[in-house]
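*Asks:* Numbered by the numbering used here, the letters in the sequence shown go through residues 107 to 266 in order.
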Amino acid sequence: MKSETKSNILKIILFILIPIIPGFLISVPIKIPEKYALLLRPPLAPPSIVFPIVWSILYILMGIGSFLAYKEAKKRNADILSIAVPYGVQLILNLLWTPVFFGISAFLAGSVICVLLVFAIIWMILAFYRLSPVAAYLQIPYLLWSIFASYLSIAIYILN
Numbered sequence: 107m108k109s110e111t112k113s114n115i116l117k118i119i120l121f122i123l124i125p126i127i128p129g130f131l132i133s134v135p136i137k138i139p140e141k142y143a144l145l146l147r148p149p150l151a152p153p154s155i156v157f158p159i160v161w162s163i164l165y166i167l168m169g170i171g172s173f174l175a176y177k178e179a180k181k182r183n184a185d186i187l188s189i190a191v192p193y194g195v196q197l198i199l200n201l202l203w204t205p206v207f208f209g210i211s212a213f214l215a216g217s218v219i220c221v222l223l224v225f226a227i228i229w230m231i232l233a234f235y236r237l238s239p240v241a242a243y244l245q246i247p248y249l250l251w252s253i254f255a256s257y258l259s260i261a262i263y264i265l266n
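1) If we require 4 or more residues per run, which alpha helix (DSSP H) segments fall completely within the region 211 to 261?
2) Once the 5 residues before and after Q245 are set aside, which same chain residues still bring their CB inside 8 Å of it?
3) Are the beta-carbon atoms belonging to G194 and Y165 less than 9 Å from one another?
4) Would you decide whether L197 is buried or exposed? Buried here means 16 or more other CB atoms lie within 10 Å of its CB.
5) In chain order, what residues of the same chain lie with their CB nearer than 7 Å to the CB of A175, ignoring the 5 residues before and after it?
6) Does DSSP put L146 in a helix, a strand or coil?
7) Within 10 angstroms of its Cβ, does L258 collect 16 or more other Cβ (buried), or is it exposed?
8) Leaving out five residues before and five after I122 in sequence, what residues of the same chain have Cβ atoms less than 6 Å from its Cβ?
9) Please determine, among S217, I260, W251, N266, the residue with the shortest C-alpha to C-alpha distance to V156.
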């Protein structure tokens, strides 16, 4: 295996781990499935088993997309901050949602964070698109899921 290919594989793994590790570390101690089961939920609310599966897939896509955008930025000598800032903002909002919504049961604040997350993801997609359309397209499932998560968050706030 060429050293460049090996290096790219290691970088992709690192870029995937960047969202997965904090997401996992934040969510496990909060015991989301138990808290979710106690909530009044709106129509279309999936069973709790769906969330870790979906988020794992979305974090993998996020990692691959961020790697592709980063790689293209390096190749073009583009400003890395043009992708790092929107990526960082959306990741911080993403990671804030769980402890706010489930950790302290601040459903309104969690809903606001979730809606802000949607706009941050759009910002990230636009930043990625300028460098790598594929990187941007990989974020579409994340955007759609976050719109759905906003619906769930707002509905749970209203119902509870």
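We treat Cβ as the ideally placed atom computed from N, Cα and C, and that holds for glycine. On a predicted model such as this, the values are computed, not experimentally measured, just so you know.
*Replies:* On the basis of the coordinates in this document:
1) 213 to 237, 239 to 243
2) Position 139 of the sequence shown, counting from 1, holds the residue named residue 245. Result list for Q245: L167, M168, G171, I227, M230, I231, F234, in chain order.
3) Within the sequence shown, the letter at position 88 stands for residue 194. Within the sequence shown, the letter at position 59 stands for residue 165. No; because the gap between Cβ atoms is not below 9 Å, this pair is not in contact.
4) One-based indexing of the sequence shown puts residue 197 at position 91. Buried, since its Cβ has 16 or more Cβ neighbours within 10 Å.
5) The sequence position of residue 175 within the sequence shown is 69, counting from 1. Closer than 7 Å at Cβ, skipping near neighbours: I189, F234, L237, S238, A241.
6) Residue numbering aside, residue 146 sits at position 40 when the sequence shown is read from its first letter. If DSSP states are grouped into helix, strand and coil, L146 belongs with coil.
7) Working through the sequence shown from its first residue, we reach residue 258 at position 152. L258 is buried by the Cβ-count criterion.
8) By one-based count along the sequence shown, residue 122 stands at place 16. Around I122: I166, G169.
9) In the sequence shown, residue 156 corresponds to position 50, counting from 1. Checking every option, the nearest Cα to that of V156 belongs to W251.
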